[in-house]
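Here the structure is laid out as structure tokens; the discussion comes afterwards.
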Amino acid sequence: MDALETRELRYFTAVAEELHFGRAAERLGMAQPPLSRAIQRLERRLGVRLLERDRRGVALTAAGEVLLDEARATLDAATAAARRTRRAAAPHSRLVLVTKATGSHELLRKLLDTYAAEPDAAEVEVVLCGIGEEERLLRDGRADVALLHPLYSSLAGFDSEELLTEGQVAVLPAGHPLAARPSLAMADVAGVPDLPAARWPRHDGTYPPGPGPEIHDLSQLAQLIALGRTLAVIPASARAWLWTAHTAVPLTDAPPVTTHIAWPSHSRSRPLADLIRTATRL
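Each residue of the sequence shown is one higher than the one before, counting from 0 in numbering that gives the first Met the number 0.
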């Protein structure tokens, strides 16, 4: 029998992420022996070894790594189903739209204003989040729709439409010599000795190597630029959040950034369909 229960997946995910049965049992609020037995039963049912156990600890096998990815996606989908079902049962239609706090400000304003003028428009709650969080909120059901940038978020598993393609700018401390230039090339901002570029999280949450600071949120980025500790390359529309201590200089050869509106591919929400139609008309 190949069917898996969400309880089994939750148990396995805890062990696979902690790589320690004791910590996983504590995280799950249960005793360790029944957790160990549950994982053993799961391995017997699947006919594969998911974990290697020895005196040094616990490690994932190749099969275990596959199941961890699948389990996370399945648990996210189950959680998302519950959250979206509760929203659908609310007395008034409501959509949750998530976007990066600094991204696509003018586009978002036009979308909300235009959609609100529709006869049967639902209430739209806008959630502004940190770098790379939009995708996670959409996957786990806390959002119905998102404005995503493929440079920072994955569109895998979503339906999407392209809304806007724009250039990028370098954001520098206002007093830096490069800030006085009318335009820059990517080579100009790569490897600046006194101003290492900020490092953004990738799809999997890890950071690329480099000397620049790891950026966890936009307020941190703004402060570090103002202090002369880093620079950032961002979409041109994100200039709306700049401080007087910042200067944005156009980049002549930076790859363009495309904003997508994305939603779960299986969605059958009428209000969501209306919002998507409004977005594509813009």
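For every residue, glycine included, the Cβ atom is placed at its ideal position computed from N, Cα and C.
**Same chain only: Cβ atoms within 7 Å of G211, ignoring 5 sequence neighbours per side** = Within the same chain, G211 has close Cβ partners P195, A196, A197, R198, T229.
**Request:** Compare the C-alpha of P249 against each of V168, E69, V256 and name the closest.
**Result:** V168
**Request:** Could you pull out every residue in the same chain whose Cβ sits closer than 7 Å to the Cβ of L241, ignoring the five residues on either side in sequence?
**Result:** Once the five neighbours on either side are set aside, the close Cβ partners of L241 are V170, A247.
**Request:** State the beta-bridge partners of Q348 as determined by DSSP.
**Result:** Nothing in the structure corresponds to residue 348, since the chain is present only between 0 and 281.
**Request:** Just the C-alpha distance for T113 and A72, rounded to the nearest angstrom, thanks.
**Result:** One C-alpha to the other measures close to 34 Å.
**Asked** Does the distance from the CB of I260 to the CB of V144 come in under 9 Å?
**Response** yes
**Prompt:** When the Cα of I130 is compared with those of A100, T84, D273, which residue comes out closest?
**Reply:** A100
**Prompt:** Are the beta-carbon atoms belonging to S264 and L94 less than 9 Å from one another?
**Reply:** no
**Asked** Among the residues of its own chain, which have a CB less than 7 Å from the CB of E284, if the five just before and after it don't count?
**Response** The first residue shown for the chain is 0 and the last is 281, placing residue 284 beyond what the model contains.
**Opening and closing residue of the alpha helix (DSSP H) in which L106 lies** = 104-115
**Message:** Just verifying my parser: in three-state terms, what is the DSSP assignment at A61?
**Reply:** helix
**Message:** Which residues does DSSP list as the beta-bridge partners of I260?
**Reply:** Checking the DSSP bridge columns, you'll see I260 partnered with L146, E160.
**Request:** Leaving aside the five residues before and after A37 along the sequence, list all residues of the same chain whose C-beta is less than 6 Å from its C-beta, in chain order.
**Result:** Excluding sequence neighbours, A37 sits near Y10.
**Item:** Coil, strand or helix - L18 by DSSP
**Value:** coil
**Item:** Coil, strand or helix - A196 by DSSP
**Value:** strand
**Prompt:** By how many angstroms is the C-alpha of A184 removed from the C-alpha of L41?
**Reply:** Roughly 55 Å between the two C-alpha positions.
**Item:** For V95, the residue or residues it bridges with in DSSP
**Value:** Among the bridge pairs identified by DSSP, V95 is matched with E124.
**Asked** A247 by DSSP, collapsed to three states: which one?
**Response** When DSSP states are grouped into helix, strand and coil, A247 belongs to the strand group.
**Prompt:** Which class does L183 belong to by DSSP, given the choice of helix, strand or coil?
**Reply:** strand
**Asked** Helix, strand or coil for L50 per DSSP?
**Response** strand
**Neighbourhood of H109 by C-beta distance below 7 Å, restricted to the same chain and skipping five residues each side** = Inspection of the sequence shows that residue 109 is occupied by Lys rather than by His. The beta carbon of K109 sits closer than 7 Å to those of L281, all from its chain and outside the five residues before and after it, given in chain order.
**Item:** Cut-off 7 Å between Cβ atoms - residues of its own chain near P255, not counting five sequence neighbours on either side
**Value:** Here the set comprises T164, E165, G166.
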